[in-house]
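Asker:
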Amino acid sequence: MTTAPQLKIAGIAGSLRKGSFNRAALKAAVELAPAGMTIEIVELGTLPLYNDDIRVEGYPPAVHAYRETIRAADGVLFATPEFNYSVSAPLKNAIDWGSRIPDPPYVGKATAIISASVSPVGGVRAQYHLRHMCVSLNCFCMNQPQVYIGDAAKKFDANLKLIDAGVREELIKFLAAFRDYVIRLQR
Ligand SMILES: Cc1cc2nc3c(=O)[nH]c(=O)nc-3n(C[C@H](O)[C@H](O)[C@H](O)COP(=O)(O)O)c2cc1C
486 MTTAPQLKIA
496 GIAGSLRKGS
506 FNRAALKAAV
516 ELAPAGMTIE
526 IVELGTLPLY
536 NDDIRVEGYP
546 PAVHAYRETI
556 RAADGVLFAT
566 PEFNYSVSAP
576 LKNAIDWGSR
586 IPDPPYVGKA
596 TAIISASVSP
606 VGGVRAQYHL
616 RHMCVSLNCF
626 CMNQPQVYIG
636 DAAKKFDANL
646 KLIDAGVREE
656 LIKFLAAFRD
666 YVIRLQR
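Residue 659 in the working numbering is what sits at position 174 of the sequence shown, and the numbering runs on without skipping anything.
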């Protein structure tokens, strides 16, 4: 009898704030992940601001741990806020640390993006920029389906639980598609 592979996905929320809708969306993804997929949330708050002098001296422990977590994952799920039409500084910082030699950990990795914003457009512009960065990282970002959570304050309750039935349904389909995408890339 063959057993389905158990995929490990690293979930990266590009917001440091406690009440982040993007981390809340990732937590919903943890709950709604299909059979055969687990998502572990990676926190970015311990990463220093990128400075190439630091890299030359050797990756600090927090950066090393982050890079190895990405390397060990079968795929990466980004949940990006939109700050001034692009990704947040903490997410860009994590991408920069993850892009450097030796053995940059995103190369060849399956990735996918969701976003949440209080605006009606739900972070669509940040997603566009992040897709562009995925080209530079040389990872493989899933094109479709796409999930943008607009008017986020109405989609989560006071405990940051995703309560919007439509978005929950979209996320379930998105995660199943991502599982299939990761498996397809691994073949
Ligand atoms: C500095 C700053 C810039 C922002 N720029 C945008 C923007 O360009 N587009 C947008 O939809 N929301 C923008 N917002 C609103 C954020 O999307 C909103 O605060 C969101 O909830 C942040 O994500 P989080 O809840 O995961 O922390 C901005 C917020 C901040 C603090």
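Backbone N, C-alpha and C define an ideal beta-carbon position, used for all residues, glycine too.
#1: Give the DSSP bridge partners of A528, in chain order.
#2: Return the bridge partner residues of C626 from the DSSP annotation.
#3: Report the option in L647, E553, L511 and D581 whose CA atom is closest to the CA atom of I539.
#4: Going by the CB atoms, is the gap between Y633 and V603 shorter than 8 Å?
#5: Can you tell me whether D559 is buried or exposed? The criterion is at least 16 other CB atoms within 10 Å of its CB, across all chains shown.
#6: Between V527 and A557, which are expected to be in contact by the criterion C-beta below 8 Å, what is the C-beta distance as a whole number of angstroms?
#7: Could you tell me the boundaries of the alpha helix (DSSP H) in which K577 lies?
#8: Considering just the uninterrupted stretch of the alpha helix (DSSP H) at Y551, what are its terminal residues?
#9: Does the region 634-653 touch the region 507-527, meaning 3 or more C-beta pairs lie closer than 8 Å?
#10: Between which residues of its own chain and G583 is the CB-CB distance below 8 Å, once the five residues before and five after are set aside?
Answerer: Inspection of the coordinates gives the following:
#1: Counted from its first residue, the sequence shown places residue 528 at position 43. The question names Ala, yet the displayed sequence has Glu at residue 528. Looking at the DSSP assignment, E528 forms no beta bridge with any residue, so it has no partner.
#2: To locate residue 626, count along the sequence shown from 1; it is residue 141. According to DSSP, which records beta bridges pairwise, C626 is partnered with T596.
#3: In the sequence shown, the residue the question calls residue 539 occupies position 54. Answer by Cα proximity: D581.
#4: Within the sequence shown, numbered from 1, the residue matching residue 603 stands at position 118. Within the sequence shown, numbered from 1, the residue matching residue 633 stands at position 148. Taking 8 Å as the Cβ cut-off, V603 and Y633 do not qualify as a contacting pair.
#5: Taking the first residue of the sequence shown as 1, we reach residue 559 at position 74. With 16 or more neighbouring CB atoms inside 10 Å of its own CB, D559 falls in the buried class.
#6: Indexing the sequence shown from 1 puts residue 527 at position 42. Indexing the sequence shown from 1 puts residue 557 at position 72. Not a contact, Cβ separation roughly 11 Å.
#7: The count along the sequence shown starts at 1 and reaches residue 577 at position 92. Taken as a continuous stretch (DSSP letters only), the alpha helix (DSSP H) holding K577 covers A574 to G583.
#8: For the purposes of this step, residue 551 is taken as the residue at position 66 of the sequence shown. Taken as a continuous stretch (DSSP letters only), the alpha helix (DSSP H) holding Y551 covers P546 to A557.
#9: A contact exists between the region 507-527 and the region 634-653.
#10: Locating residue 583 in the sequence shown gives position 98, counting from the first residue. Cβ within range, chain order: Y551, R552, I555, P589, P590, Y591 and L622.
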